[in-house]
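The opening residue of the sequence shown carries number 1 in the UniProt record's numbering; numbering runs sequentially from there.
Just so it is clear, CB atoms sit at the ideal spot from N, CA and C, and this is done for glycine as well.
Please read these numbers as outputs of a predicted model, since none were measured by experiment.
Report on one structure; see the data block that follows.
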Amino acid sequence: MSNHPDLSELDAFAAVARHRSFRKAADERGVSASALSHAMRALEARLGIRLLNRTTRSVTPTEAGQQLLATLVPTLHQVADVLAHLTSLQEVPAGKLRLNVARPAARIVFAKVLAPFVARYPRIQLDLITDDGLTDIVNGGFDAGVRFGESLAGDMIAVPVGAPQSFVTVAADAYLAEKGIAHAPRDLLEHACIARRFPSGKLYAWEYQAGGQPIRLSVTGPLILEDDALMIQAAKDGAGIAYVYEELARDEIRHGHLREILQEWKAPPSRFFLYYPSRRHVPPALNALIEFIRAGDLRT
Numbered sequence: 001m002s003n004h005p006d007l008s009e010l011d012a013f014a015a016v017a018r019h020r021s022f023r024k025a026a027d028e029r030g031v032s033a034s035a036l037s038h039a040m041r042a043l044e045a046r047l048g049i050r051l052l053n054r055t056t057r058s059v060t061p062t063e064a065g066q067q068l069l070a071t072l073v074p075t076l077h078q079v080a081d082v083l084a085h086l087t088s089l090q091e092v093p094a095g096k097l098r099l100n101v102a103r104p105a106a107r108i109v110f111a112k113v114l115a116p117f118v119a120r121y122p123r124i125q126l127d128l129i130t131d132d133g134l135t136d137i138v139n140g141g142f143d144a145g146v147r148f149g150e151s152l153a154g155d156m157i158a159v160p161v162g163a164p165q166s167f168v169t170v171a172a173d174a175y176l177a178e179k180g181i182a183h184a185p186r187d188l189l190e191h192a193c194i195a196r197r198f199p200s201g202k203l204y205a206w207e208y209q210a211g212g213q214p215i216r217l218s219v220t221g222p223l224i225l226e227d228d229a230l231m232i233q234a235a236k237d238g239a240g241i242a243y244v245y246e247e248l249a250r251d252e253i254r255h256g257h258l259r260e261i262l263q264e265w266k267a268p269p270s271r272f273f274l275y276y277p278s279r280r281h282v283p284p285a286l287n288a289l290i291e292f293i294r295a296g297d298l299r300t
C-alpha cells in the first residue's frame, strides 16, 4: 500500500484546516466528525508527521499543516477548475454552489429569488451563508460572495446585484416628540443613536452628503447592534435614532411606525455585487447564477 495520500484525503485535510473544526468540515462533506477525525489520524500516521493540533475547543494546523495547506489551496482550485470545465459540458447545470452573502443582501435581494432560482435549476444545491464580515471566499471554500462594491478586493470579478440601496435615518414619533428632531447630521451628536457594529468590532460611521461632499459621523447611544431588524425594532420602541437600509425600513415608514429624518442629507445609494475569483473556468452552477442575474432576475 502506498504511503502517498490520495486527493480526497488531502481535500478532507484542507476542509478541516479551513474550518478549524471537524464537525463543520464533516457537515460540508456529508460524513461524520468521528470518521473525518479518524481519517486525519490515519493520514498523519502514513505521512509520519502531525498536521493538526487538537484540543477540546479547537483544531488548528501545525506548522507542517500550514505549509501543506498553502501548497494545497491553489492546487485544489486548479483541480476544481478542470472538473468544473468538464462538468460544464453537461446540458443542465448541477452541483453545490456555496455563497457567502452579507446579511442585508440576503434579505433584500436573495430572499425574493431563492425559490425561482432553484425551480429553474433543480440540480443545483444553493448553500448560502450569511456573513457580514470581510471573509476570504477563496480560503473559505466559497464559489462567490456578495458585498457592497467598496468592500471588494481588486482582483475579483464583480457583477452588480439588485437595485441601488440607500440608508435612511429613522426614529419613532414618540422619541422625536420627546427629544426633538435632528435637522442636520451634527444634531445627532445630541441624540440617542443606535450604533451599528461590524463583525470586526469597529463601529460604522453614519454617512451623509452636503453640497456634493461626504460627511461621516461617529455617533453614540445606549445600543450597539449589528442586525437591521433589531435596529428597526429598537427605533420603533423609542430607544433612539437608527440608520438602516431603506428597503428594510420601508414598510415601517409607510405604516407610520417610523419617521424618516435628514432626507435632504441622504448619501448616494450603493450597489451590492456578486464577486468571484478570476479563473479560466467558472463552475457551471455559478455561471448559471450569473446568467440568472444578468437576465434581470435579481435586479428587481
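Can you give the beta carbon distance from residue i to residue j, rounded, assuming they're within the 8 Å contact cut?
i	j	result
residue 273	residue 184	32 Å between Cβ atoms; not a contact.
residue 146	residue 170	Not quite, the Cβ-Cβ distance comes to about 25 Å (not below 8 Å), so this is no contact.
residue 306	residue 101	An answer regarding residue 306 cannot be provided, because it is not within the stretch 1 to 300 covered by the chain.
Have a look at the DSSP bridge pairing and note the partners of residue i.
i	result
residue 210	213
residue 148	272
residue 96	125
residue 233	Beta-bridge pairing links residue 233 to no other residue.
residue 194	223
residue 79	DSSP lists no partner for residue 79.
residue 54	59
Once DSSP output is grouped into helix, strand and coil, what is the label at residue i?
i	result
residue 293	helix
residue 48	coil
residue 260	strand
residue 155	coil
residue 266	strand
residue 242	strand
residue 109	coil
residue 185	helix
residue 141	coil
residue 73	helix
residue 101	strand
residue 203	strand
residue 162	strand
residue 248	helix
Tell me which residue opens and which closes the beta strand (DSSP E) that residue i is part of.
i	result
residue 276	270-277
residue 167	167-171
residue 23	Premise fails: residue 23 lies in the alpha helix (DSSP H), 22-29, not in any beta strand (DSSP E).
residue 282	First-last for residue 282: undefined, no H or E at that position.
Over the uninterrupted alpha helix (DSSP H) stretch that includes residue i, give me the two end residues.
i	result
residue 117	114-120
residue 13	7-19
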